[in-house]
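Asker: Listed in order, the protein sequences are those of chains L and R. In case it helps, this note's numbering puts the first sequence at residues 1 to 304. In case it helps, this note's numbering puts the second sequence at residues 305 to 561. All C-beta atoms, glycine included, are put in the ideal place defined by N, C-alpha and C. Just so we're clear, the structure is a prediction, and the values are computed from it rather than from any experiment.
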Amino acid sequence: MDLYLPIASLSVNALVIVALGLGVGLLSGMFGVGGGFLTTPLLIFYGIPPTVAAASAASQVTGASVSGVFAHFRRDGVDVHMGLVLVAGGVVGSLVGAGIFTQLQANGSIDTVIAILYVLMLGSIGGLMLHESVGAIRVARGHARAKPRRRRHHPLVAMLPLRWRFYRSGLYISPLAPLILGFFTGILTVLLGVGGGFILVPAMLYLLGMGTQVVVGTSLFQILFVTAAATMVHATTTKAVDIVLAALLLLGSVIGAQLGARMAQKAKPEYLRLVLAIIVLAVALRMLLGLAWRPDEIYTVHTL
Amino acid sequence: MKRRAILLLAPLLMGQSQPGQKPVLVPDVSQRDIEIAYSFTGAELLLFGAILYPGGRVPGDKEKPADIVVVVKGPTQSVLVREKEKVAGIWVNAGRMRYRSAPSFFAVASSKPIRELVDERTRAIYELGVDSLQLSPASGATPEVQGRFDKGLVDLRTRTGLYYEAPRAVEITDGVLYRARLQIPARVPVGRFTAETFLIRDGRVLAAAVRPIDIRKSGFERFVATSAERHSWIYGITAVALSILFGWGAGAIWRRF
Chain L
1 MDLYLPIASL SVNALVIVAL GLGVGLLSGM FGVGGGFLTT PLLIFYGIPP
51 TVAAASAASQ VTGASVSGVF AHFRRDGVDV HMGLVLVAGG VVGSLVGAGI
101 FTQLQANGSI DTVIAILYVL MLGSIGGLML HESVGAIRVA RGHARAKPRR
151 RRHHPLVAML PLRWRFYRSG LYISPLAPLI LGFFTGILTV LLGVGGGFIL
201 VPAMLYLLGM GTQVVVGTSL FQILFVTAAA TMVHATTTKA VDIVLAALLL
251 LGSVIGAQLG ARMAQKAKPE YLRLVLAIIV LAVALRMLLG LAWRPDEIYT
301 VHTL
Chain R
305 MKRRAILLLA PLLMGQSQPG QKPVLVPDVS QRDIEIAYSF TGAELLLFGA
355 ILYPGGRVPG DKEKPADIVV VVKGPTQSVL VREKEKVAGI WVNAGRMRYR
405 SAPSFFAVAS SKPIRELVDE RTRAIYELGV DSLQLSPASG ATPEVQGRFD
455 KGLVDLRTRT GLYYEAPRAV EITDGVLYRA RLQIPARVPV GRFTAETFLI
505 RDGRVLAAAV RPIDIRKSGF ERFVATSAER HSWIYGITAV ALSILFGWGA
555 GAIWRRF
């Protein structure tokens, strides 16, 4: 089923795009990641111009997180208080990110920087999650004894002044910690064209020490607002948001997100984290190969 | 059939020509305007026309027959070509070259392979052929480096179907009527395209004629494209509202089942 995209100025198979959205939506609902780290590269691989892909994927992530956020709200899995602090940091971070993006784009190193950032971030986070989840599974199966109770949050977080009480997360920490975290994910949202969930979820778990039950919902809450802001930035500056492409992606991803949220309720959290760790490491490996192997295209053309 | 065609054209051929003049081309295209709608997957252009010889005298069997070359060009763009190189084990964009005017689309159809029709110099003058494109680089570079970038650009666009040559795609009937079919892929930019027709004999261009073709978005596609451009705030808010509505709607529907 061919459909012409008015902003991307090319025709695509609508069913392929919907299927892509469905797959990404599943991940989104299950793990609380926006899925942008998969959508954008896949769209570019399909032949969509990179700016249109990043801009339209942002609005798809908004849609996928809305249904995810509602699903998690119903089972009281969102810490709104914590979410708002993260959003505040995220909006400031995305503005800073926009400045860095323009600089890197001008000297042509944006693609390389994006790829290196992906490899470093995804590699380290994936490795950390893999290690943790395998340990948790071994404990659950009785192969190993549970280690002495984990610290509630990182010592660096404990050092920060001005503590607030985040009731839903069961934390008494400084709001500066989530603010800084939100700021860095905001930068990444603009630079990598992703929601930042794959950074946010592990950071909330291991740095802030939030409970697993509120991590996914709160991360989706932050992603919802930051990607909505990113869509507005793209619509007014690059003018690369393709509403038809976004609608096709949304159609698949909102259904996928609902399915994913239900599957997440049934699955054991340590197994969920293991699967996410493997996906994250696979993407990192693919990116690393892309950097080291001779690319298919030595030349790239940019219309000025 | 062939005789009828000539009979029909006979008054036209005679009325226009005077002795001593060069032949004249009367070209046309099947579509002057191509409208892009939701189901647009590319277009097939039929380019056809007549060769009017002075005095209506069609070259006989003994004379060498003339050939036709049709060049369709898309609107020119200013482009930046980047070249990747392996630096410290990873592939990075190292070199770059800017071009002031590279055609967004370029197709050449001819009745015989171009190399058999004209020499390299004529090919370069009239831009007959993908390797004869005048790309007008804006950055200064040695001819060797420029050639490498030119090749990179042309090669990339050839593989995406934007640049191509179709030798023997022009059919000439009885030495006076010609026609050719050319494919326009879906990913061409909108704007004014030109179809140039050349009449060539003995390695010389005897006559040339140009017809414009306008490609534009229509209906919903045009509405979306212009809204994104002119009312970007409303467009952005619409996009965000749409995604929230979709997400909320799916959740609401899902809960009922």
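Should L162/L be labelled buried (16 or more other beta-carbon atoms within 10 Å of its own) or exposed?
Answerer: Within the first sequence, the letter at position 162 stands for residue 162/L. Burial call: exposed.
Asker: Once you ignore the five residues that flank V375/R on each side, which residues in its own chain have a CB closer than 6 Å to its CB?
Answerer: The residue given as residue 375/R occupies position 71 in the second sequence. Result list for V375/R: V412, E500, in chain order.
Asker: So if DSSP puts I114/L in a beta bridge, which residue, or which two residues, is it bridged to?
Answerer: For the purposes of this step, residue 114/L is taken as the residue at position 114 of the first sequence. In the DSSP output, where bridge partners are listed per residue, I114/L has none listed.
Asker: So what's L351/R in DSSP terms, helix, strand or just coil?
Answerer: Within the second sequence, numbered from 1, the residue matching residue 351/R stands at position 47. In the structure shown, L351/R sits in a strand (DSSP, three-state: E or B).
Asker: Have a look at E270/L and G23/L and give me their C-alpha separation to the nearest angstrom.
Answerer: The count along the first sequence starts at 1 and reaches residue 270/L at position 270. The count along the first sequence starts at 1 and reaches residue 23/L at position 23. Looking at the two C-alpha atoms, the distance is approximately 21 Å.
Asker: Mind pulling the chain R residues with CB within less than 7 Å of F70/L?
Answerer: To locate residue 70/L, count along the first sequence from 1; it is residue 70. Within chain R, the residues near F70/L are W552, G555.
Asker: Under the DSSP definition of a beta bridge, which residues are partnered with A470/R?
Answerer: In the second sequence, the residue the question calls residue 470/R occupies position 166. DSSP lists A413/R as partners of A470/R.
Asker: List, in chain order, every chain L residue whose beta-carbon is nearer than 8 Å to that of T542/R.
Answerer: Within the second sequence, the letter at position 238 stands for residue 542/R. Those are I243, listed as they occur along chain L.
Asker: Establish whether the CB of Y467/R and some CB of chain L are separated by less than 8 Å.
Answerer: Here residue 467/R refers to the residue found at position 163 when the second sequence is read from its first residue. Chain L contact via Cβ: absent.
Asker: Give me the chain L residues within the contact set of F344/R, using Cβ-Cβ distance strictly less than 8 Å, ordered along the chain.
Answerer: Residue 344/R sits at position 40 when you count from the first residue of the second sequence. Within 8 Å Cβ-Cβ: Y4, S11.
Asker: Have a look at L329/R and L117/L and give me their C-alpha separation to the nearest angstrom.
Answerer: Here residue 329/R corresponds to residue number 25 of the second sequence, with the count starting at 1. Here residue 117/L corresponds to residue number 117 of the first sequence, with the count starting at 1. C-alpha separation (whole angstroms): 59 Å.
Asker: Please classify S124/L: does DSSP put it in a helix, a strand, or coil?
Answerer: In the first sequence, residue 124/L corresponds to position 124, counting from 1. It is helical.
Asker: Got a sec, what are the start and stop residues for the alpha helix (DSSP H) I279/L sits in?
Answerer: As a first step, residue 279/L must be located in the first sequence, where it is residue number 279. I279/L -> alpha helix (DSSP H) spans 269 to 292.
Asker: Does Q103/L come out as helix, strand or coil in the three-state DSSP assignment?
Answerer: In the first sequence, the residue the question calls residue 103/L occupies position 103. Looking at Q103/L - three-state DSSP - the assignment turns out to be helix.
Asker: Can you tell me the Cα-Cα spacing of L259/L and R75/L, whole angstroms?
Answerer: In the first sequence, residue 259/L corresponds to position 259, counting from 1. In the first sequence, residue 75/L corresponds to position 75, counting from 1. If I take the Cα positions, the gap works out to 15 Å.
Asker: Report the partner residues of I394/R according to the DSSP bridge assignment.
Answerer: In the second sequence, the residue the question calls residue 394/R occupies position 90. Per DSSP, V391/R.
Asker: Would you tell me roughly how many angstroms separate the C-alpha atoms of L350/R and A473/R, rounded to the nearest one?
Answerer: For the purposes of this step, residue 350/R is taken as the residue at position 46 of the second sequence. For the purposes of this step, residue 473/R is taken as the residue at position 169 of the second sequence. Each residue's alpha carbon lies about 11 Å from the other.
Asker: Can you tell me which of the three DSSP states Q381/R falls into?
Answerer: The count along the second sequence starts at 1 and reaches residue 381/R at position 77. Looking at Q381/R - three-state DSSP - the assignment turns out to be strand.
Asker: Just mark E525/R as buried or exposed, buried being the case when its beta carbon has 16 or more other beta carbons within 10 Å.
Answerer: For the purposes of this step, residue 525/R is taken as the residue at position 221 of the second sequence. By the neighbour-count rule (16 or more Cβ atoms within 10 Å), E525/R is buried.
Asker: Any beta carbon of chain L sitting closer than 8 Å to that of A314/R?
Answerer: What you label residue 314/R is simply residue 10 of the second sequence in a count that begins at 1. Note on A314/R: pLDDT 47, under 50, position unreliable in the model; no value is reported.
Asker: Taking the alpha carbon of I187/L as the point to measure from, which residue in A230/L, V214/L, S219/L has its own alpha carbon closest?
Answerer: Numbered from its first residue, the first sequence carries residue 187/L at position 187. Of the listed residues, the one whose Cα sits closest to I187/L is A230/L.
Asker: Return no unless some Cβ of chain R is closer than 8 Å to the Cβ of I269/L.
Answerer: Mapped onto the first sequence, residue 269/L falls at position 269. The sequence given here has Pro at residue 269/L, not Ile. Chain R contact via Cβ: absent.
Asker: According to DSSP, is L530/R helix, strand or coil?
Answerer: For this step, residue 530/R is matched to residue 226 along the second sequence. Reading off the sequence, residue 530/R comes out as Thr, not Leu. Residue state, collapsed to three classes: helix.
Asker: Taking C-alpha atoms, which residue in A54/L, I17/L, L122/L lies nearest to I278/L?
Answerer: To locate residue 278/L, count along the first sequence from 1; it is residue 278. Out of A54/L, I17/L, L122/L, L122/L has the C-alpha closest to the C-alpha of I278/L.
Asker: State yes or no: is the beta carbon of M232/L nearer than 8 Å to at least one beta carbon in chain R?
Answerer: Residue mapping note: residue 232/L aligns to position 232 of the first sequence, counting from 1. Yes, M232/L counts as interfacial toward chain R.
Asker: So which residues on chain L does K283/R lean against when the C-beta distance must stay under 9 Å?
Answerer: Residue coverage of chain R in this structure runs from 305 to 561, which leaves residue 283/R outside it and unanswerable.
Asker: Closest to I488/R by C-alpha separation, out of L220/L, L191/L, S11/L, M1/L, would be which residue?
Answerer: Stepping through the second sequence from its first residue, residue 488/R is reached at position 184. The shortest C-alpha separation from I488/R is found at S11/L.
Asker: Strictly under 8 Å for the Cβ-Cβ distance: is P50/L near chain R by that measure?
Answerer: Position 50 of the first sequence, counted from the first residue, corresponds to residue 50/L. So, not an interface residue.
Asker: Roughly how many whole angstroms lie between the Cα atoms of E506/R and G451/R?
Answerer: Here residue 506/R corresponds to residue number 202 of the second sequence, with the count starting at 1. Here residue 451/R corresponds to residue number 147 of the second sequence, with the count starting at 1. According to the sequence displayed, residue 506/R carries Asp and not Glu. When rounded, the distance between both Cα atoms is 29 Å.
Asker: Which chain L residues are close to Y539/R, counting only those with a beta carbon under 9 Å from its beta carbon?
Answerer: Position 235 of the second sequence, counted from the start, is the residue given in the question as residue 539/R. Per Cβ cutoff of 9 Å: A235, T236, K239, V241, I243.
Asker: Per DSSP, which one or two residues make a beta bridge with D337/R?
Answerer: The residue given as residue 337/R occupies position 33 in the second sequence. D337/R is bridged to D518/R.
Asker: Within its chain, find whatever has a CB closer than 8 Å to the CB of L503/R; leave out the 5 residues flanking it on each side and keep chain order.
Answerer: Taking the second sequence and counting its residues from 1, one reaches residue 503/R at position 199. So the list reads P327, L329, I355, A370, D371, I372, V509, L510, A511, A512, once near-sequence residues are dropped.
Asker: In angstroms, rounded to a whole number, what distance separates the CA positions of L84/L and Q222/L?
Answerer: In the first sequence, counting from the first residue as 1, residue 84/L sits at position 84. In the first sequence, counting from the first residue as 1, residue 222/L sits at position 222. Going by the C-alpha atoms only, they are around 7 Å apart.
Asker: How many angstroms separate the CA atom of D277/R from the CA atom of G378/R?
Answerer: Residue 277/R is absent from the structure shown; chain R starts at 305 and stops at 561.
Asker: Going along the stretch 498 to 529 of chain R in order, which residues come within less than 9 Å of chain A, judged by CB to CB distance?
Answerer: This model lacks chain A altogether; the protein chains it does include are L and R.
Asker: Does P407/R get closer than 8 Å to chain L when you measure Cβ to Cβ?
Answerer: Here residue 407/R is taken as the residue at index 103 of the second sequence, counted from 1. Residue contact check for P407/R against chain L: no CB pair falls below 8 Å.
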